[in-house]
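J.:
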Amino acid sequence: MEDKRFIEVAFPVKAVSEESAREKNIRHGHISTLHIWWARRPLASSRATNYAALIPATNDEHEIERRKKFIAELSKWENSLNEEIIRRAREDIMEYFRQIRDDPNQERPRVLDPFAGGGSIPLEALRLGLETYALDYNPVAVLILKAVLEYPQKYGKKKGALDEWIAGGKGEGKDYDLVRDVKKWGEWVLQEAKKELERFYPKDEDGYIPVGYIWARTIKCQNPACGAEIPLMRQFWLAKKNNKKVALYPYVEGNEVKFKIVGDGYEPMPADFDPSKGTVKGAKVTCPVCGMTHDANTTRKLFREGKAGQRMVAVVLYHPEKRGKVYRLPTERDVKAYEEAKRYLEEKRAKLMEEWGIDPVPDEPTPEGRGRGAERAFSVRNYGLNTWGDLFNDRQKLALITFAEKVRQAYEKMLEEGYEEEYAKAVVTYLAFTLDKLADACSSNGRWKPDTVQLIPTLSGRQAIQMMWDYFELNPISGASREWSNTLSVILSSFRIFEQIEFPARVIHSSATSLPFPDNYFDAVFTDPPYYDNVPYSYLSDFFYVWLKRTVGDLYPELFITPLTPKSKELVAYTQNQDWEAAKRYFEEGMKQALKEIHRVLKPNGILVLVYAHKTTEGWETLINSLLDSGLVPTASWPIHTEMANRLRAKESAALASSIYIVARKVEKQGVGWFDEVKRELKEKLEEKLDQLWREGISGADFFISAIGSAIEVFGKYERVLDYEGNEIRGDRLLQLVRDMVSDYAIRQVLREDISSELSPLAKFYVLWRWTYGEAKVPFDEARKLATSVGLDLEKEWNRGFIVKEKEFIRVLGPQDRKLKEIKGNDLIDVLHKALLLWQANRKREMVGLLAETGWGEKDVFYKVAQVISEVLPKDSKEKKLLDGFLAGREHIKRAIEKGDYSVFNGEEESGKQETIERFIKG
-14 MEDKRFIEVA FPVKAVSEES AREKNIRHGH ISTLHIWWAR RPLASSRATN
36 YAALIPATND EHEIERRKKF IAELSKWENS LNEEIIRRAR EDIMEYFRQI
86 RDDPNQERPR VLDPFAGGGS IPLEALRLGL ETYALDYNPV AVLILKAVLE
136 YPQKYGKKKG ALDEWIAGGK GEGKDYDLVR DVKKWGEWVL QEAKKELERF
186 YPKDEDGYIP VGYIWARTIK CQNPACGAEI PLMRQFWLAK KNNKKVALYP
236 YVEGNEVKFK IVGDGYEPMP ADFDPSKGTV KGAKVTCPVC GMTHDANTTR
286 KLFREGKAGQ RMVAVVLYHP EKRGKVYRLP TERDVKAYEE AKRYLEEKRA
336 KLMEEWGIDP VPDEPTPEGR GRGAERAFSV RNYGLNTWGD LFNDRQKLAL
386 ITFAEKVRQA YEKMLEEGYE EEYAKAVVTY LAFTLDKLAD ACSSNGRWKP
436 DTVQLIPTLS GRQAIQMMWD YFELNPISGA SREWSNTLSV ILSSFRIFEQ
486 IEFPARVIHS SATSLPFPDN YFDAVFTDPP YYDNVPYSYL SDFFYVWLKR
536 TVGDLYPELF ITPLTPKSKE LVAYTQNQDW EAAKRYFEEG MKQALKEIHR
586 VLKPNGILVL VYAHKTTEGW ETLINSLLDS GLVPTASWPI HTEMANRLRA
636 KESAALASSI YIVARKVEKQ GVGWFDEVKR ELKEKLEEKL DQLWREGISG
686 ADFFISAIGS AIEVFGKYER VLDYEGNEIR GDRLLQLVRD MVSDYAIRQV
736 LREDISSELS PLAKFYVLWR WTYGEAKVPF DEARKLATSV GLDLEKEWNR
786 GFIVKEKEFI RVLGPQDRKL KEIKGNDLID VLHKALLLWQ ANRKREMVGL
836 LAETGWGEKD VFYKVAQVIS EVLPKDSKEK KLLDGFLAGR EHIKRAIEKG
886 DYSVFNGEEE SGKQETIERF IKG
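Be aware that the sequence shown starts at -14, since it is given in the working numbering, and climbs by one per residue.
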């Protein structure tokens, strides 16, 4: 390939991973603060991979290292607005593009993201000076893309206007100044809304202002002799910080549950009171009055039958001139204000329904929560919350429809003042986003988080909408965090990221399976497609769709013609109306069609960079077969960590630490490839790639997945791969071959010498499992493929020793999970586990006898394997602590075996050593 790109030969994986993970902590000025979108790719990895895919490869090692350093600098958050670095990146791309372009009239490389979602990838393409097209099927995503990729560039401000605004200046400049006008009209909306709403959120006479109100949903105790109203609360903490612990203390008076506030600054907290234990867990409810337990089905039934209520249990307040928050019980005045809001809601709702021709409170249905996987993330239907409006209490509904009314009025007033229609539409879109974020903060599924003393909104960090028993009702005009003016400021701060971008993108509402572009049109496609049913995008975005319909729906009639977000062509494996196999087929066929469309619109020398993060091999097999069937052939793949370090691997999950960035090309096929020859070519190519990945510090599950790109580059260039019997070799068999080769390489590298020949398949499996998955449980199919790669028949081994089958998962037990008397056999791992347990029990003579009798105590490989397992386990692992303690005494063990004298472990001269060992064991 004449124009091989840099990303196809090298990439600074470690540096870009660190920046991508760090970016998750950045809140101010990031596009993630503009509007929620799920599974948004980091800007760092998007910018770095876009750039690396559009500059030429080189064979010069010095030049490779220089470019890797530049890409690492380019990926840093603080350099996203560094004029010199961005200018240099643009010039590098343009210099190369001028050499390879096929149309002298095309000024800039033309790129597409057909699954543009939240806009990270196309935003970074714009920043690099590319002619950018962004497409999505979801109307909410399309609006976000317009707000990220079109309006700031089209209606930009003079340079520095944002800084002037932050400093308190007017930010005057061009006729168009989006920051100025969004701020101006956002404040107008707030002042107009306040006129109607202030009386429903009364301030205290001492100047304290309610931040909000904590509510508990209630049910009646079903014990006929009791019948008390039970407040459903997960826990009773109000503040649980190091310097401040305050709780609601429930007590029973007669047949009633009452509360008082206890803790720092209030009444002393009773000694026997544990605020972390509430009245409800899951949906199982215990009555504080009589002690009767109500099962989950009873609780759900009461809610569905309309027999549940709610009760205000606490008020959270702040003072503009004092630090911190204070708490009090609700008064009659608080309850009366809520009741007045409830009455006014009916009046306001009827008025707006007549004006708008639509119920201002969303009456569209919530998801049914049926099916499997991600679709089950919506449990609210189980509790009678059947419309989106049911997710808000009456005062929340009133506040939101009032703000929605003012947003609509702001647009009308802009037109009266002479604003151009399109510009006014752009301004009001950001006000609609402010309302969206307010709705997220103002639902009855928002929760109070006592360790941070703040509201956690409904969808914050979640891909689900689940029942919340006790919830926090935010005062949206309080001036505190997450209310209207604060939310508006957060949205305005995100405009900084759009500075220095001269051209708008073209945003298109369409399906990726039918791209509205001619053949051979794009120089590159950069995209992050959905993964089976990982994220239920359309159901989640319906939460915002129903409010956007009420604020800007009339301005975007083409986006809001359906009652809820369109789902018929959405590429997600939903099972509500079909079984999982049918859902999978739908997704896989759709993905295959989308890849064929990408192949069609890519120029002959075009390049695809596709992000994939599905953790199962099955998902990879499907993707690879789809790529090959579409005529696209992967030429490289790189794993980039895209999560915060503390989330890279949950102990209970074997999720990939990384997203894999796959590079692919349109390649002329070479006819038939014969399997034996392809295997030889594959081994040679793969060894080179694995050396490179190892040097980059890539390990575990990512190591296996990252090898796939190079492997497919070998067999993907053939029309078909056949064995000598004429059977076609498909992705599943080729992937297993890759896994076998990678496993062999990993074992050799992990053990640092080629001593794998001394290990049984069982021992290889254990070492490879700990290196790949740590102590996580793994789906059976994944475990089986790993076992096959080392020649182990998993089904013959599970539930016989350290391999345990738990439903559809496989878990590999450590010594601490096993009982000494149940460990049989003399394989290395069984002997090691037994030795560690004897060591822990201080039965040193028996341990040395075991190691001498089995012969393992005299073999270096035994201690090397123990050392390697220790090195790949996390610091807090119990198995690691046992191994470290055991290994600290290895020389004494060897001497004892040589002398045939095991008493050395009971002598006084070893007491110092013994203390050291015991400290290791205890951690």
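Backbone N, C-alpha and C fix where the C-beta goes; we use that ideal spot for every residue, glycine too.
For Met277, name the three-state secondary structure that DSSP assigns.
T.: Here residue 277 refers to the residue found at position 292 when the sequence shown is read from its first residue. Correct three-state label for Met277: coil.
J.: Work out the CA separation of Val1 and Ala57 for me, nearest whole Å.
T.: Within the sequence shown, the letter at position 72 stands for residue 57. Within the sequence shown, the letter at position 16 stands for residue 1. Rounded to the nearest angstrom, the two C-alpha atoms are 6 Å apart.
J.: Under 8 Å: do the stretch 216 to 233 and the stretch 360 to 370 share three or more Cβ pairs, one atom per stretch?
T.: No, because fewer than three Cβ pairs between the stretch 216 to 233 and the stretch 360 to 370 fall closer than 8 Å, the two stretches do not touch.
J.: Just grab the DSSP bridge partners of Gly658 for me.
T.: Indexing the sequence shown from 1 puts residue 658 at position 673. Bridge partners of Gly658: Val706.
J.: Tell me Met297's beta-bridge partners as DSSP assigns them.
T.: On the sequence shown, residue 297 is found 312 positions in, with the first residue counted as 1. DSSP, once it has assigned bridges, lists Trp200 as partnering Met297.
J.: I need the straight-line Cα distance from Lys829 to Asp812, nearest angstrom please.
T.: For the purposes of this step, residue 829 is identified with residue 844 of the sequence shown, where counting begins at 1. For the purposes of this step, residue 812 is identified with residue 827 of the sequence shown, where counting begins at 1. One C-alpha to the other measures close to 20 Å.
J.: Would you kindly check if the distance between the Cβ of Leu97 and the Cβ of Phe949 is under 8 Å?
T.: Residue coverage of the chain in this structure runs from -14 to 908, which leaves residue 949 outside it and unanswerable.
J.: Give the single residue among Tyr396, Glu405, Pro107, Asp379 whose Cα lies nearest to the Cα of Ser429.
T.: In the sequence shown, residue 429 corresponds to position 444, counting from 1. Checking every option, the nearest Cα to that of Ser429 belongs to Asp379.
J.: Which one or two residues does DSSP pair with Trp433 in a beta bridge?
T.: Here residue 433 corresponds to residue number 448 of the sequence shown, with the count starting at 1. Partner(s): Leu440.
J.: Can you find at least 3 beta carbon pairs, one from the stretch 69 to 80 and one from the stretch 22 to 31, that sit closer than 8 Å?
T.: At 8 Å Cβ cutoff, the stretches do not touch.
J.: Does the beta-carbon of Tyr236 have 16 or more other beta-carbons within 10 angstroms, so that it is buried, or is it exposed?
T.: Within the sequence shown, residue 236 is the residue found at index 251, counting from 1. So Tyr236 ends up on the exposed side.
J.: How would you label Glu46, buried or exposed, when you count the other beta carbons within 10 angstroms and need 16 or more for buried?
T.: The sequence position of residue 46 within the sequence shown is 61, counting from 1. Exposed.
J.: Pick helix, strand or coil for Phe(-4), following the three-state DSSP scheme.
T.: In the sequence shown, the residue the question calls residue -4 occupies position 11. Looking at Phe(-4) - three-state DSSP - the assignment turns out to be coil, as it is neither helix nor strand.
J.: Which residues does DSSP list as the beta-bridge partners of Thr512?
T.: Start at 1 with the first residue of the sequence shown, and residue 512 comes out as number 527. According to DSSP, which records beta bridges pairwise, Thr512 is partnered with Leu595.
J.: Compute the distance between the beta-carbons of Glu681 and Val(-6), then report whether it is under 8 Å.
T.: Taking the sequence shown and counting its residues from 1, the one referred to as residue 681 is at position 696. Taking the sequence shown and counting its residues from 1, the one referred to as residue -6 is at position 9. No, these two residues do not count as a Cβ contact at 8 Å.
J.: If distances are taken between C-alpha atoms only, which option among Arg535, Ile482, Thr550 comes closest to Val125?
T.: Position 140 of the sequence shown holds residue 125. Looking at the Cα atoms, Thr550 is the closest of the given residues.
J.: I need the DSSP call for Leu120, collapsed to helix, strand or coil.
T.: The residue labelled residue 120 in the question sits at position 135 within the sequence shown. Leu120: strand per DSSP, three-state reduction.
J.: Give the range of the beta strand (DSSP E) segment to which Phe457 is assigned.
T.: Position 472 of the sequence shown holds residue 457. 455 to 459 is the span of the beta strand (DSSP E), which, as asked, contains Phe457.
J.: Go through the stretch 31 to 116 residue by residue and report every complete run of the beta strand (DSSP E) that reaches 3 residues or more, in order.
T.: Runs found: 95 to 98.
J.: Is it buried or exposed, Asp77, if we count other Cβ atoms within 10 angstroms and call 16 or more buried?
T.: Reading the sequence shown from its first residue, position 92 is the one you call residue 77. So Asp77 ends up on the buried side.
J.: State the beta-bridge partners of Lys651 as determined by DSSP.
T.: Along the sequence shown, read from residue 1 onward, the residue named residue 651 stands at position 666. Paired residues: Leu617.
J.: Helix, strand or coil, according to DSSP, for Ala639 in the structure here?
T.: Numbered from its first residue, the sequence shown carries residue 639 at position 654. With a pLDDT of only 44 at Ala639, under the threshold of 50, the placement of this residue in the model should not be trusted, and no figure is reported.
J.: To the nearest angstrom, how far is the alpha carbon of Asn784 from that of Ser742?
T.: Numbered from its first residue, the sequence shown carries residue 784 at position 799. Numbered from its first residue, the sequence shown carries residue 742 at position 757. Looking at the two C-alpha atoms, the distance is approximately 26 Å.
J.: Quick one: is Thr264 buried, meaning 16 or more other Cβ sit within 10 Å of its Cβ, or exposed?
T.: Position 279 of the sequence shown, counted from the first residue, corresponds to residue 264. Counting Cβ neighbours within 10 Å, Thr264 comes out buried, since at least 16 surround it.
J.: Check each candidate in Tyr81, Asn123, Lys9, Lys54 and name the one with the smallest Cα separation from Phe528.
T.: Reading the sequence shown from its first residue, position 543 is the one you call residue 528. Ranking the options by Cα distance to Phe528, first place goes to Asn123.
J.: Is the distance from the Cβ of Leu444 to the Cβ of Leu385 below 8 Å?
T.: One-based indexing of the sequence shown puts residue 444 at position 459. One-based indexing of the sequence shown puts residue 385 at position 400. Not closer than 8 Å, so no.
J.: What is the rounded straight-line gap between the Cα of Gly374 and the Cα of Arg219?
T.: To locate residue 374, count along the sequence shown from 1; it is residue 389. To locate residue 219, count along the sequence shown from 1; it is residue 234. Going from the Cα of Gly374 to the Cα of Arg219 covers about 24 Å.
J.: First and last residue of the alpha helix (DSSP H) that includes Ile882?
T.: As a working note, residue 882 is residue 897 in the sequence shown. Segment 875 to 884, the alpha helix (DSSP H) holding Ile882.
J.: My assumption, with CB atoms under 8 Å, is that Arg980 sits in contact with Ile854. Please give the rounded CB distance.
T.: In the structure as shown, the chain begins at -14 and stops at 908. Residue 980 is therefore absent and cannot be evaluated.
J.: Tell me Gly248's beta-bridge partners as DSSP assigns them.
T.: Here residue 248 corresponds to residue number 263 of the sequence shown, with the count starting at 1. Val231.
J.: Any idea if Thr536 is buried or exposed, counting beta-carbon neighbours within 10 angstroms, 16 or more meaning buried?
T.: Start at 1 with the first residue of the sequence shown, and residue 536 comes out as number 551. Under this definition Thr536 is a buried residue.
J.: Between the Cα of Gln734 and the Cα atoms of Phe(-9), Phe750, Gln721, Trp679, which residue gives the shortest distance?
T.: On the sequence shown, position 749 is the one that residue 734 refers to. Residue Trp679 is the option with its Cα nearest to Gln734.
J.: Given that a residue counts as buried once 16 or more other Cβ atoms are within 10 Å of its Cβ, and exposed if not, what is Ser261?
T.: The sequence position of residue 261 within the sequence shown is 276, counting from 1. By the neighbour-count rule (16 or more Cβ atoms within 10 Å), Ser261 is not buried but exposed.
J.: With distances taken Cα to Cα, identify the nearest neighbour of Gly701 among Ile690, Ile714, Asp708, Glu710.
T.: In the sequence shown, the residue the question calls residue 701 occupies position 716. Nearest option by C-alpha distance: Ile714.
J.: Helix, strand or coil: how does DSSP classify Tyr522 here?
T.: Position 537 of the sequence shown, counted from the start, is the residue given in the question as residue 522. In this structure, Tyr522 counts as helix in the three-state DSSP scheme.
J.: Would you kindly work out how many angstroms separate the C-alpha atoms of Asp421 and Pro350, rounded to a whole number?
T.: Counting from one through the sequence shown, the residue named residue 421 turns up at place 436. Counting from one through the sequence shown, the residue named residue 350 turns up at place 365. Answer to the nearest angstrom: the Cα atoms are 18 Å apart.
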